[in-house]
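Residue numbers (this note's numbering): 6 to 286. We put the beta carbon where it would ideally sit given N, CA and C, even for glycine. Computed from a prediction, not measured in an experiment: that's the story for all the values here.
Encoded structure:
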């Protein structure tokens with residue numbers, strides 16, 4: 006596996022792969038002198054698992070959309086969130102359910118909930134793109150406005166997204182409107198930030214309870230201690246004593262998550278400043 010892998014990589018990183026190749030083959034009799042003199046590996050298309058590819062692509066899409074929602078909300082990945090809500094096809098949901106644990110760990114979110122309707126996550130404010138309408142149909146603007154007013158936002162959105170053209174027919178008038186003739190604004194449900202892609206909508210619940218906030222504080226502290234370990238030249242397995250002086254909120258978070266904190270940073274003792282540490286439970 007390693008040999009085949011570095012043969013594939015050698016055109017991109019020629020010197021590193023040459024060094025690895027010589028390490029791996031130094032004790033192999035009759036090995037070719039250089040990795041660059043080897044034949045390039047041939048692929049076996051019979052080994053391609055298309056279902057697995059689709060599954061991985063689906064997971065990557067969901068995680069990417071949820072990360073985008075976090076960015077829109079300006080919530081960093083170390084801050085745990087309570088809920089990821091998804092609207093999508095049955096096939097996508099089947100894949101997500103098989104990989105729920107991995108997705109939640111990757112996104113630092115506690116649970117996943119599925120909804121049957123996009124309206125559970127987002128509403129749409131749809132208006133005509135008058136600049137586009139004036140250019141294409143300058144003689145029928147009033148007629149188009151009157152016709153479109155007969156639809157509610159949900160009907161209009163479904164018509165626009167489910168067909169390539171939105172056709173208006175009345176007596177001898179037949180007008181085709183495309184999606185570019187409309188301006189669609191997403192209005193997420195209260196306390197949610199949403200990201201949509203084709204027939205999939207992902208929303209994160211942005212409500213951060215005290216418990217989630219405390220966990221986020223401790224995760225931030227863990228990152229700072231890990232950086233200190235690295236800057237101090239400590240080995241990965243070295244155990245440490247930790248002294249902390251900080252805000253009351255920080256110490257409240259540590260009371261709740263002390264064991265988790267010490268396990269993550271390999272801490273033996275956690276020494277806290279008593280004057281700013283009034284909590285005992």
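- Message: If I follow the unbroken beta strand (DSSP E) through residue 187, where does it start and stop?
- Response: 187 to 193
- Query: Whole-angstrom Cβ separation of residue 146 and residue 138, contact assumed at under 8 Å?
  - Reply: 6 Å
- Task: Give a yes or no on whether the C-beta atoms belonging to residue 89 and residue 80 are separated by under 8 Å.
- Result: no
- Grab me the residues of residue 230's own chain with a C-beta within less than 6 Å of its C-beta, minus the 5 sequence neighbours each way, in chain order. 270
- Query: What residue does the alpha helix (DSSP H) around residue 9 start on, and which one ends it?
  - Reply: Annotation for residue 9: the continuous alpha helix (DSSP H) segment containing it runs 7 to 14.
- Item | Candidates 127, 64, 77, 124: closest to residue 99 by CA position | With distances taken between Cα atoms, residue 99 lies closest to 64.
- Query: Can you give, in chain order, each stretch of the alpha helix (DSSP H) that sits fully within the region 178 to 238 and has at least 4 residues?
  - Reply: Taking only runs of at least 4 residues, the alpha helix (DSSP H) segments lying wholly in the region 178 to 238 are 215 to 236.
- Query: If you follow the alpha helix (DSSP H) that residue 137 is part of, which residue opens it and which one closes it?
  - Reply: For residue 137, the enclosing alpha helix (DSSP H) starts and ends at 135 to 141.
- Query: Is the distance from the Cβ of residue 209 to the Cβ of residue 129 below 8 Å?
  - Reply: no
- Query: Which residues in the same chain have their Cβ closer than 6 Å to the Cβ of residue 191, if we skip the five residues on either side of it in sequence?
  - Reply: Taken in chain order, the residues that qualify are 127.
- Per-residue DSSP class, three states only, for residue 25: helix
- Task: Could you spell out where the beta strand (DSSP E) holding residue 91 opens and where it closes?
- Result: 86 to 92
- Message: Checking 8 Å against the spacing of the C-beta atoms, do residue 131 and residue 161 come in under that value?
- Response: yes
- Task: Confirm, please, whether the CB-CB distance from residue 241 to residue 67 is below 8 Å.
- Result: no
- Item | Limits of the beta strand (DSSP E) - the one that residue 246 falls within | 245 to 249
- Message: Can you look up residue 69 in the DSSP assignment and give me helix, strand or coil?
- Response: helix
- Check the C-beta distance from residue 83 over to residue 221 and give it rounded, since I have them as a contact under 8 Å. Contact annotation, residue 83 with residue 221: C-beta distance approximately 6 Å; criterion of less than 8 Å satisfied.
- Task: Evaluate residue 224 with the Cβ neighbour count: other Cβ atoms within 10 Å of its Cβ, from every protein chain shown; 16 or more gives buried, anything less gives exposed.
- Result: With 16 or more other Cβ atoms within 10 Å, it is buried.
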